[in-house]
Amino acid sequence: MSGSSAGSPPDDSGDDDRERDRSAGSSQTPPAPEEPPGNTANADDGVTIEDDGLLRWFLNTDDETVMVTRDILSSVAIVAVVGLLLFGVSGIWPPLVAVESGSMEPNMYRGDLIFVADEGRFAGDAAAAGTGVVTLENGQESGYDKFGNPGDVIVYQPNGDPSEVPVIHRARFWVEEGEHWVDTKASEDIVGDATCAEVTTCPAEHAGFVTKGDHNDGYDQYGNGISDIVKPEWVTGKAIFRIPWLGHVRLTFDKLLGGTGASTPPSSTLQGPRPAPTPAGPSATGFGPGGNLAGVAAIASTGAGAAVAIGRHRN
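For the sequence shown, full-length UniProt numbering begins at 1 and goes up steadily by one.
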C-alpha cells in the first residue's frame, strides 16, 4: 500500500532539540546581586563597620593593616601601664635608669638597669636628719646596707644646679653647718694628712651629705671636685635595686643618637695637697631608658659616677 502511515512523523529531531534547550536554560542559576558599595570592612572575616560598629570592627577584623596597628597600640599601652605602676611605686620619673660607667663598681656595672625611688620612700633605720637617706656611717651602726655596702646610693644635682648633670653616688656621712668635717669625720685613707683649712668645702657652709663613688678614690667634695656638701633638697632620688645588663638597650640608643642630652662632665679638680685620684675608666654611673626618645635626659659625669636620666620629675 502506498502513502504515509499513521503515527509519529518520521523526523522530529528539531522539536526535541528545541525542548532540550528550553529545559537547560530554565535550570541555570541567576547571577548573584552586586554587594552594595560603602562597606570598608574585610568581608571574609564576617565583621563589618556597619553591622558591628567601628570599635568592635577594629578589635576583631582580620585586616592585615589593622592587625599590625592594633599590635603596636597594645604594646604601647602595656609599656605605659607598667611605667605608671613603677612611677606610683617610685614617686619619680623615669623610675628606671641605665648605668653608664664604672665609678660604682663592683656594686653597679655599666649596662645595669637601676630602679630609683624618691629619697623619702623606703627609708631605712637611722636615716640622716629626717631625709630618708641612711649614710654609710649610720648604716655601719644599724646594719643597713644597699648595693654591697652600708648606706644609701643617692642621685643628686651637683651644687643644686639643675643645668648640671646629676650624680649617683653613696652618701658617706652627714655634716652640720660649720662642721670641720675633714678633721672630724673624713677617712684618713682618703684625705691623708689634709686639714679642713686646706679643703675648699670645709668647714661646711651648710648641712648635708658628703658623697663618694664606691670605686673612686676621693670624696665628691674632696679630690674629685664634683660638688659642695649635698643639701637634702639637691637629692632627687635613691637607688633601690638593679637589673644586670638590661641598661645596654638605653646606652645603645644613646650611642645611635650621638649622646643626645649628655652634657660635659664636671672636671675633677684638686681640693687639697693630695694628688687628685684617678678613677678606673669613665666613671659615671648613668641612667635612663631611651634618651630623648623615651623621655629621659643624660646625666653623666666622667670620674664622678654620674647617672644618665632625662626628664626626671619628683612626685
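Backbone N, C-alpha and C fix where the C-beta goes; we use that ideal spot for every residue, glycine too.
For Q157 and H206, the rounded distance between their alpha carbons: 16 Å
Counted within 10 angstroms of its Cβ, other Cβ atoms place K255 as buried (16 or more) or exposed: exposed
Status (buried if at least 16 other CB within 10 Å, exposed otherwise) for A186: buried
Strand pairing of D145, partner residues [DSSP]: P150 and G151
Identity of the residue in A197, H169, A171 and R170 nearest V182 by Cα: A197
Proximity below 8 Å, CB of G102 to CB of Y109: yes
Proximity to A194 [Cα-Cα], best of Y222, G213 and A127: Y222
DSSP-derived helix/strand/coil call for I49: helix
Outcome for L59 when other beta-carbon atoms lying within 10 angstroms are tallied against a minimum of 16: exposed
When V116, T61, P150 and R172 are compared against G83, the one with the closest alpha-carbon: V116
Contact belief for C202 with H180 at Cβ below 8 Å, rounded distance in angstroms: 6 Å
Supposed contact pair I154 and V133 - C-beta distance, whole angstroms, cut 8 Å: 6 Å
Beta-bridge pairing of I168 - partner residues as DSSP gives them: V155
Residues bridged to L55 [DSSP beta-bridge criterion]: Bridge partners of L55: none, in fact.
Separation of M67 from K212, as counted between CA atoms: 52 Å
Classification of L73 by the beta-carbon crowding that lies within 10 angstroms, buried from 16 upward: exposed
Distance, E164 Cα to A300 Cα: In this prediction, A300 has a pLDDT of 33, which is less than 50 and means its spatial position is unreliable; what the coordinates show is noted afterwards. If I take the Cα positions, the gap works out to 9 Å.
Buried or exposed (CB count within 10 angstroms, at least 16 for buried), S227: buried
Nonlocal neighbours in the same chain, by C-beta distance under 8 Å from L136, ignoring five residues either side: N149, P150, G151, R170, A171, R172 and F173
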